[in-house]
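Student: With the working numbering, letter number 131 in the sequence shown gets 131, and the count goes up by one each step, no holes. Glycine residues also receive a C-beta, built at the ideal position from the N, C-alpha and C atoms. The structure under discussion is supplied below as structure tokens; questions concerning it will follow.
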Amino acid sequence: MAMRIGSGLGTTLALALLGCGPGGVEHDIEERPLDQAVALDTVVQALAAKSVETATFVTVLLPDRTEWTVDVVGTNLPVAVEFLTAQDRERIGDRVPIQAAPDEMPRVVMVERKDTQQSLMLRVFTDQHFRFQPNPPPDMPEAPYTIREVQARLRRDVSDFIAWYRANNAPPAP
Numbered sequence: 001m002a003m004r005i006g007s008g009l010g011t012t013l014a015l016a017l018l019g020c021g022p023g024g025v026e027h028d029i030e031e032r033p034l035d036q037a038v039a040l041d042t043v044v045q046a047l048a049a050k051s052v053e054t055a056t057f058v059t060v061l062l063p064d065r066t067e068w069t070v071d072v073v074g075t076n077l078p079v080a081v082e083f084l085t086a087q088d089r090e091r092i093g094d095r096v097p098i099q100a101a102p103d104e105m106p107r108v109v110m111v112e113r114k115d116t117q118q119s120l121m122l123r124v125f126t127d128q129h130f131r132f133q134p135n136p137p138p139d140m141p142e143a144p145y146t147i148r149e150v151q152a153r154l155r156r157d158v159s160d161f162i163a164w165y166r167a168n169n170a171p172p173a174p
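Laid out in structure tokens, this is it:
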């Protein structure tokens, strides 16, 4: 009997060494984009933390003079933030620059607030770059992106935009 156990163990070991054993666990891990309402709350909070007062859903004229309702604008700083969903991307097409990848240099576009004719610097974010895993399996090989981590990244990106604006476009002090 000891021979049979040893033989079975040897066969299992040989198969494992040859790569013929059971494969690793693979999962189809669900990813979701950050919900637009959650994203807009996060944007407004990030702007408030930088002392930027806001208005939401303000009509602007894009560079090609097309009207667009932008998600959030600063009322005491000439900035605007748009968080595009898949449906928004279809509607807006290539009228505003959208980052192809999250690590690509952000692009800013000048737009005009329709009601006041004020020029605004618009920073566009897209839900494609803010995705999280709501139900990661416990044996997931990498740490999942949680909704909190994705919100923190959006907050940081909005804060970076405001810091960039203030460093490069703020009027000189008197």
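Considering only residues of the same chain and omitting the five flanking positions on each side of Arg177, which have a CB-CB separation below 7 Å?
Tutor: Residue 177 lies beyond the range of the chain shown here (1 to 174); nothing can be said about it.
Student: Since Ala101 and Thr75 are thought to touch, with beta carbons under 8 Å apart, how far apart are those beta carbons, to the nearest angstrom?
Tutor: With a Cβ gap of about 32 Å, Ala101 and Thr75 do not count as contacting.
Student: Measuring only the C-alpha atoms, how far is Leu154 from Arg32?
Tutor: The alpha-carbon atoms of Leu154 and Arg32 are separated by roughly 15 Å.
Student: List, from N- to C-terminal side, the alpha helix (DSSP H) runs of 4 residues or more that fit wholly inside the segment 16-100.
Tutor: List check, alpha helix (DSSP H) in window: 36-49, 86-92.
Student: What are the start and end residues of the alpha helix (DSSP H) that includes Phe125?
Tutor: Note, Phe125: premise wrong, no alpha helix (DSSP H); beta strand (DSSP E) at 119-126.
Student: Quick one: what does DSSP say Arg113 is sitting in, helix, strand or coil?
Tutor: Of the three classes helix, strand and coil, the one that applies to Arg113 here is strand, per DSSP.
Student: Do the segment 33-43 and the segment 125-134 meet, that is, are 3 or more Cβ pairs less than 8 Å apart?
Tutor: Judged by Cβ distances under 8 Å, the segment 33-43 makes contact with the segment 125-134, as three or more pairs qualify.
Student: Let me know the secondary structure DSSP gives Phe178 once reduced to three states.
Tutor: Nothing can be reported for residue 178: it is not among the residues displayed for the chain, which extend from 1 to 174.
Student: What residues in its chain sit with their C-beta under 7 Å from that of Thr66, if we drop five residues either side in the sequence?
Tutor: Excluding sequence neighbours, Thr66 sits near Arg95.
Student: Taking the alpha helix (DSSP H) that Asn168 falls in, what are its first and last residues?
Tutor: Here the alpha helix (DSSP H) through Asn168 covers 147-169.
Student: Closest to Val109 by CA distance: which of Thr116, Arg123, Gln118, Gln99 is it?
Tutor: Ranking Thr116, Arg123, Gln118, Gln99 by Cα distance to Val109 puts Arg123 first.
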